[in-house]
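*Asks:* Here the protein sequences come in this chain order: A and B.
Position 29 of the first sequence, counted from 1, bears residue number 496 in my numbering, the numbering being contiguous throughout.
Position 357 of the second sequence, counted from 1, bears residue number 349 in my numbering, the numbering being contiguous throughout.
No residue lacks a Cβ here, since even glycine has one placed at the ideal position from N, Cα and C.
It should be emphasised that the depicted structure is a prediction, and the values quoted were computed from it without experimental measurement.
Shown below is the structure under consideration.
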Amino acid sequence: MATVFIPSLMRKMTDDRETVEVPGATLRQVVDNLDAEYPGIKELIVEDGRVRPGLQLAVDGVLSATGLMGKVPEGSEVHILPALGGGHR
Amino acid sequence: MVATDKPAYRVIGSRPVRPDGADKVTGRARYGADVLLPGMLYGRVLRSPHAHARIVRIDTSEAEALAGVRGVATWDDLPPKNWDELPNLGEGAAETRWMARNVFARDKALYAGHAIAAVCATDPHIAEDALGLIEVEYEVLPPLLDVREAMNPNAPLLHDDLYTTDLTGGGTGDELTNIGKHLEFRSGDIEAGFAEADVIVDREFETAMAHQGYLEPHNGTAMWSEDGELTVWNSSQGPFVVREQLHMLLDLPLSRVKVVPMEIGGGFGGKIPVYMEPMAAILSKKSGRPVKMIMTRQEVLEATGPTSGTWVRAKIGARRDGRIVAAEIELAFEAGAFPGSPFSAGALCALGPYDIENQRVEGWDVCVNKPKVAAYRAPGAPATAFAVESILDELADLLERDPIDLRLQNAAHEGTRLSDGTPLGVIGNVEVMESVQGSEHYRSELQGENRGRGVALGYWRNAGMETSAHAVINQDGTINLVVGTVDIGGLRATHAMQLAEALGLEYDDIRPQVVDTAAVGRNSVTGGSRSTFAGGWAMHELAQDLRAQLEARAAQIWGVQRDNVSYGDDAVVRGPAAVDGSERSFSFKELAGQLYGSGGMVQARADVSPTTVGPAYAGHVVDVEVDPETGKVDILRYTAVQDVGKAIHPSYVEGQLQGGALQGIGMALTEEYFYGDDGVMRNSSLLDYRMPTALDTPMIDAVLVEVANPGHPYGVRGVGEVPIVPPLAAITNAIHAATGVRMQKLPASPRAVLDELLSEEA
């Protein structure tokens, strides 16, 4: 199981829960399983099969360099984060 | 590989001369302005005199008829396509539709300086004359210059297709607005936190739009050949990102665009977007000749991307024992004419040095009639740190605590969660604070009237991104190293040093060069404090590959099992003893000399995208003297302390600390875009846009703290950005110590300080 930290403004989709436990070995599986529990939340995270522009996903505090393909070890924390706009471009 | 605490290095930590040094000090190095091609034309740009205006009509016929003019371009010359359907360029980049409308105004001019048309001619003066022959009919609209006014739902709108995107999961709004983006971080119980506080400070802060102030103006030369190949020579922070922008804007395959990086005279984040390069390309296609364009300083200031002017409200509560129990930050950043300010980085970094259980950070990215902002060294973080560090100083006063003691009590450490919820790894935050506190500067007594000392901290996340490189071993044992990451702060040297270290060679054995986009794999920009970090990983990977190949070759030459051969850290390849008992070994140079004729030369390539980034922390101490008659602030002494992970080339790291501090001093004391009510910049020259010089500051002492990043072969953390974060508050805290006045609006120019002093007296 992974612990998904839900951003504050997305918590309306999760009955105001700040964290949700879902299974999944990859970020894609974690997001799919999250959506199975809270239908519609995937749409806020994924667009055209990829992480939405402006968002990024992190596993145990490390940003995924491979988007939804990122591996999720058992017991990991998954964070849904805003991209740091303007940081380097 | 995990770096140990204090490994002994041979090359890393030394201070060799940079490979590009001789060319740069003798003037041989070639910058964008040095590009000269046969038959080259010169381009100039007609820019809007109005900050906000509808473009009713453009007539270029007279300009096109002028002798010597070879082409005129406007928005209509961008390829017809549905801009709205194009994807974002990537993290932090403007969407392509906004990028295109910034290259040429579409139906509205959205800032004074917005490009309306471009002309190329056989002579730059003819091109300049032709601009005067272009007729533009404007319907002038009232400019929107204030970020908070622009947020008002009843404010005039800049765009007819902008809806707010919520970066923390709320999707996209359905009402037209000037707010491009919004986010909120929330953790703990903010109300309960403030209820527990004995002392609460709640204040508003403002910073002014400020420019990176690089020495070299933007430039670009384009040649669009008859067979559809586009070559662009320019000075940028990332030729691959320039290529991608041209690919999207001009609807060309990536393989048909080659960008040749010239040397760069400073960027600091501002030389990542393209401005004139697409214009030069279009004009080259029209004229069939190469077209060169260089901005004037006025154009650089009025029409490229400075950093946001900002409004920040910060409210922080602490118990009487000094523990901070709640923090609430609200921030609104000017994006300029199109969405895309660094507000999210500002939001994340605001509370980065501290461990605060109950917090809420909310931010807005807001369009106003000013130039579209670009990245500028730790984008967004100086503004929010200014607010938070000012309040920390005030809390220390109210609680009668040493300002560093209070910060240490609340310091973020390994495991502390940042505002976005992610946990911090190994960091040097506490070590930086302790180094500040133990420094001779901080412990010294400051004497004299109207003098004061201030301190402040700063945090920056840093980045990894992509580096691609290859290395070729020559017959004489030297190595040609090829990378595509632009060298701004000594990157050739730090790449070569890390590769030399990894192979057990000497620095001079490695000859690095930066090449064009057709000669190496994709490299991300030089920015985000990423290049030496990610480049080090690439050098490590190259070295492992080269070592393995050399072991295999030696085994082949000796006719022994590969597993019995090893490459030592002394660059000697050793095998099993020969039948006669003699030792088998090759020095690196000996083996290199046998490569030709034993199976061919050896080379390696590396494509890395490391994510094990080490965050950076900085602490600055400054002494100032304030002239009570004029309000002028003089810097008496300045010390910049920073956790750098591992300083590959300490001189270049010290230079980053000094440069960042100096730019922060400019933001604090002198630099601002000064606008009239009409939205026209009034100080668009370096005479009136006042950047600090070496004459304005004493020597900035740089103190390097080395807490190794365990996610890097040599412990590297990015160092370039965080030193610009603390100076704003460090200086205003010092001004307060000197005068009793707290400056909440920057810059603290003589006039602004004097106003505050007089208000205080009254």
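Check each residue of the stretch 434 to 456 of chain B: if its Cβ is closer than 7 Å to any Cβ of chain A, include it; give the result in chain order.
*Replies:* The residues in question are 453, 455.
*Asks:* Counting only the same chain and skipping the five closest in sequence on each side, list residues whose C-beta sits under 6 Å from that of residue 401/B.
*Replies:* Counting from one through the second sequence, the residue named residue 401/B turns up at place 409. Only 314 meet the Cβ criterion.
*Asks:* By the three-class DSSP mapping on this structure, what secondary structure does residue 724/B have?
*Replies:* To locate residue 724/B, count along the second sequence from 1; it is residue 732. Note: residue 724/B maps to helix in three-state DSSP.
*Asks:* Per DSSP, what are the beta-bridge partners of residue 452/B in this structure?
*Replies:* Reading the second sequence from its first residue, position 460 is the one you call residue 452/B. Answer by DSSP bridge pairing, in chain order: 608/B.
*Asks:* In whole angstroms, give me the CA-to-CA distance for residue 221/B and residue 250/B.
*Replies:* As a position in the second sequence, residue 221/B is number 229, starting the count at 1. As a position in the second sequence, residue 250/B is number 258, starting the count at 1. Each residue's Cα considered, the two are about 8 Å apart.
*Asks:* Select from the stretch 175 to 199 of chain B all residues with a C-beta closer than 9 Å to any C-beta belonging to chain A, and list them in chain order.
*Replies:* So the list reads 175, 176, 177, 178, 179, given in the order they occur along the chain.
*Asks:* Let me see if you follow: with CB-CB separation under 7 Å, is residue 336/B close to chain A or not?
*Replies:* In the second sequence, residue 336/B corresponds to position 344, counting from 1. By this cut-off, residue 336/B is an interface position.
*Asks:* If you compare alpha carbons, which of 92/B, 337/B, 134/B is closest to residue 46/B?
*Replies:* Within the second sequence, the letter at position 54 stands for residue 46/B. Looking at the Cα atoms, 134/B is the closest of the given residues.
*Asks:* Straight-line CA distance for residue 760/B to residue 53/B?
*Replies:* Any property of residue 760/B remains undetermined from this structure, which presents chain B solely from -7 to 754.
*Asks:* Is it true that the CB of residue 518/A sits closer than 7 Å to the CB of residue 534/A?
*Replies:* By one-based count along the first sequence, residue 534/A stands at place 67. By one-based count along the first sequence, residue 518/A stands at place 51. Taking 7 Å as the Cβ cut-off, residue 534/A and residue 518/A qualify as a contacting pair.
*Asks:* Which residues in chain C have a C-beta closer than 7 Å to the C-beta of residue 601/B? List them in chain order.
*Replies:* The structure shown contains no chain C; its protein chains are A and B.
*Asks:* On the CB-based measure, 16 or more other CB atoms within 10 Å of its CB, does residue 630/B come out buried or exposed?
*Replies:* Here residue 630/B refers to the residue found at position 638 when the second sequence is read from its first residue. Buried, because 16 or more other Cβ atoms sit within 10 Å of the Cβ of residue 630/B.
*Asks:* Count the other CB atoms, across all protein chains shown, that sit within 10 Å of the CB of residue 571/B; report buried if there are 16 or more and exposed otherwise.
*Replies:* Locating residue 571/B in the second sequence gives position 579, where the first residue counts as 1. Exposed, by the Cβ-count rule.
*Asks:* Using only CA atoms, which one of 307/B, 442/B, 324/B lies nearest to residue 317/B?
*Replies:* Position 325 of the second sequence holds residue 317/B. When each option's Cα is compared against that of residue 317/B, the closest is 307/B.
*Asks:* Buried or exposed: residue 656/B, going by 16 or more other Cβ atoms within 10 Å of its Cβ?
*Replies:* Taking the first residue of the second sequence as 1, we reach residue 656/B at position 664. Buried: at least 16 other Cβ atoms inside 10 Å.
*Asks:* Please confirm if residue 540/A has its CB atom under 7 Å from at least one CB of chain B.
*Replies:* Translated into the one-based positions of the first sequence, residue 540/A becomes position 73. No - not a single Cβ of chain B is within 7 Å of the one on residue 540/A.
*Asks:* Determine which residues share a DSSP beta bridge with residue 538/A and list them.
*Replies:* Mapped onto the first sequence, residue 538/A falls at position 71. In the DSSP output, where bridge partners are listed per residue, residue 538/A has 493/A.
*Asks:* Is there contact between the stretch 463 to 481 of chain B and the stretch 578 to 591 of chain B, where contact requires at least three CB pairs shorter than 8 Å?
*Replies:* A contact exists between the stretch 463 to 481 of chain B and the stretch 578 to 591 of chain B.
*Asks:* In chain B, what lies closer than 7 Å to residue 474/A by C-beta?
*Replies:* Against the first sequence, residue 474/A aligns to sequence position 7. Residues of chain B passing the Cβ test: 160, 161.
*Asks:* Decide yes or no for the touch test of the stretch 153 to 163 of chain B against the stretch 690 to 701 of chain B: beta carbon pairs closer than 8 Å, at least 3 of them.
*Replies:* The stretch 153 to 163 of chain B, when compared against the stretch 690 to 701 of chain B, does not touch it at the 8 Å Cβ threshold.
*Asks:* What residues of chain B sit near residue 468/A, judged by a beta carbon separation below 9 Å?
*Replies:* For the purposes of this step, residue 468/A is taken as the residue at position 1 of the first sequence. Ordered by position in chain B, no residue passes the 9 Å Cβ test against residue 468/A, which lies about 18 Å from the chain.
*Asks:* By the three-class DSSP mapping on this structure, what secondary structure does residue 843/B have?
*Replies:* Here chain B has residues from -7 to 754 only, and residue 843/B is not among them.
*Asks:* If I follow the unbroken alpha helix (DSSP H) through residue 149/B, where does it start and stop?
*Replies:* Position 157 of the second sequence holds residue 149/B. Residue 149/B -> no alpha helix (DSSP H), and no H or E assigned at all.
*Asks:* Which residues in chain B sit within 7 Å of residue 529/A, going by Cβ to Cβ distance?
*Replies:* The sequence position of residue 529/A within the first sequence is 62, counting from 1. Here the neighbours are 603, 604.
*Asks:* Can you have a look at residue 704/B and say buried or exposed, based on whether 16 or more other CB atoms are within 10 angstroms of its CB?
*Replies:* Walking along the second sequence from the start, residue 704/B turns up at place 712. Buried.
*Asks:* Looking at chain B, is there any beta carbon in it that lies within less than 7 Å of the beta carbon of residue 521/A?
*Replies:* To locate residue 521/A, count along the first sequence from 1; it is residue 54. Closer than 7 Å to some Cβ of chain B, the Cβ of residue 521/A qualifies, so yes.
*Asks:* Of all the options 389/B, 304/B, 696/B, which has the alpha carbon lying nearest to the alpha carbon of residue 725/B?
*Replies:* Along the second sequence, one-based indexing puts residue 725/B at 733. Of 389/B, 304/B, 696/B, the residue nearest in Cα terms is 389/B.
*Asks:* Taking DSSP's pairing of strands, which residues face residue 550/B in a bridge?
*Replies:* The residue labelled residue 550/B in the question sits at position 558 within the second sequence. Residue 550/B pairs with nothing; no bridge assigned.
*Asks:* Applying the 10 Å Cβ sphere with the 16-neighbour rule, what's the burial state of residue 758/B?
*Replies:* Coverage of chain B is limited to positions -7 through 754, which leaves residue 758/B absent and any answer about it impossible.
*Asks:* Please confirm whether residue 83/B has its beta-carbon closer than 7 Å to some beta-carbon of chain A.
*Replies:* Translated into the one-based positions of the second sequence, residue 83/B becomes position 91. Reliability of the predicted coordinates at residue 83/B is poor, the pLDDT of 42 falling under 50, and no value is obtained from them.
*Asks:* For residue 282/B, report the span of its beta strand (DSSP E) as first-last.
*Replies:* Reading the second sequence from its first residue, position 290 is the one you call residue 282/B. Looking at the DSSP string, residue 282/B is not in any beta strand (DSSP E), and its letter there is neither H nor E.
*Asks:* Among the residues of its own chain, which have a CB less than 6 Å from the CB of residue 573/B, if the five just before and after it don't count?
*Replies:* Indexing the second sequence from 1 puts residue 573/B at position 581. Nothing listed; no residue qualifies.
*Asks:* Exposed or buried, what is residue 591/B when buried is set at 16 or more other beta-carbons lying within 10 Å of its beta-carbon?
*Replies:* Start at 1 with the first residue of the second sequence, and residue 591/B comes out as number 599. So residue 591/B counts as exposed.
*Asks:* Pull the bridge partners of residue 530/A from the DSSP assignment, please.
*Replies:* By 1-based counting over the first sequence, the position of residue 530/A is 63. Paired residues: 525/A.
*Asks:* Does DSSP put residue 80/B in a helix, a strand or coil?
*Replies:* Residue mapping note: residue 80/B aligns to position 88 of the second sequence, counting from 1. With a pLDDT of only 47 at residue 80/B, under 50, the local geometry of the prediction cannot be trusted, and no value is derived from it.
*Asks:* May I ask you to report which of helix, strand or coil DSSP gives residue 69/B?
*Replies:* For the purposes of this step, residue 69/B is identified with residue 77 of the second sequence, where counting begins at 1. Of the three classes helix, strand and coil, the one that applies to residue 69/B here is helix, per DSSP.
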